[in-house]
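Engineer:
Residue numbers (the numbering used here): 334 to 450.
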């Protein structure tokens, strides 16, 4: 059962990424938007989609609001593309793991420079 949920989550992630890249024409959405991960609940009713946006805080906020306003369209398109009994309700979350990784890397570099001096 768990393998099925993982496969469905990956398929939903792939299709949502295609929909965002090809079908959404919202000017608030920058070109550098990527779907980092997707987790679908066991009952297939909800999908939490983690999105990474390249840009400043204002662009990230605009991108998330654009995706939330397009969630109904994305859900409908997903229902046409993925054959499931229920099309999950989509919730978008901003993923900050890449920025967090850069911050940790910078701290490590600073500590390394300080240690070698």
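C-beta atoms are modelled at their ideal positions from N, C-alpha and C, and glycine is treated no differently.
From the DSSP output, which residues share a beta bridge with residue 425?
Structural biologist: 382.
Engineer: Whose C-beta lies closer than 7 Å to the C-beta of residue 326 among residues of the same chain, with five residues either side of it excluded?
Structural biologist: Since the first and last residues shown for the chain are 334 and 450, residue 326 lies out of range.
Engineer: Do three or more CB pairs link the stretch 375–389 to the stretch 414–430 at distances below 8 Å?
Structural biologist: Contact between the stretch 375–389 and the stretch 414–430 is present, because at least three Cβ pairs lie under 8 Å.
Engineer: Going by DSSP, name the residue or residues bridged to residue 372.
Structural biologist: Answer by DSSP bridge pairing, in chain order: 381.
Engineer: So, is residue 441 buried or exposed, given that buried needs 16 or more other C-beta atoms within 10 angstroms?
Structural biologist: The residue is exposed, with fewer than 16 neighbouring Cβ atoms inside 10 Å.
Engineer: Skipping 5 residues on each side, what residues in its chain have a beta carbon closer than 6 Å to that of residue 370?
Structural biologist: Correct list, in chain order: 383.
Engineer: Since residue 339 contacts residue 353 with CB under 8 Å, what's their CB separation in whole angstroms?
Structural biologist: Between residue 353 and residue 339 the Cβ distance is about 21 Å, and since that is not below 8 Å, they are no contact.
Engineer: Going by beta-carbon coordinates alone, are residue 357 and residue 404 separated by less than 8 Å?
Structural biologist: Cβ distance not < 8 Å, so residue 357 and residue 404 don't count as in contact.
Engineer: Would DSSP call residue 366 helix, strand or coil?
Structural biologist: If DSSP states are grouped into helix, strand and coil, residue 366 belongs with the strands.
Engineer: With distances taken between CB atoms, is the gap from residue 346 to residue 368 smaller than 8 Å?
Structural biologist: For residue 346 and residue 368, yes; Cβs fall inside 8 Å.
Engineer: May I ask you to report which of helix, strand or coil DSSP gives residue 399?
Structural biologist: Of the three classes helix, strand and coil, the one that applies to residue 399 here is helix, per DSSP.
Engineer: Mapping DSSP to helix, strand and coil, what is residue 449?
Structural biologist: Helix.
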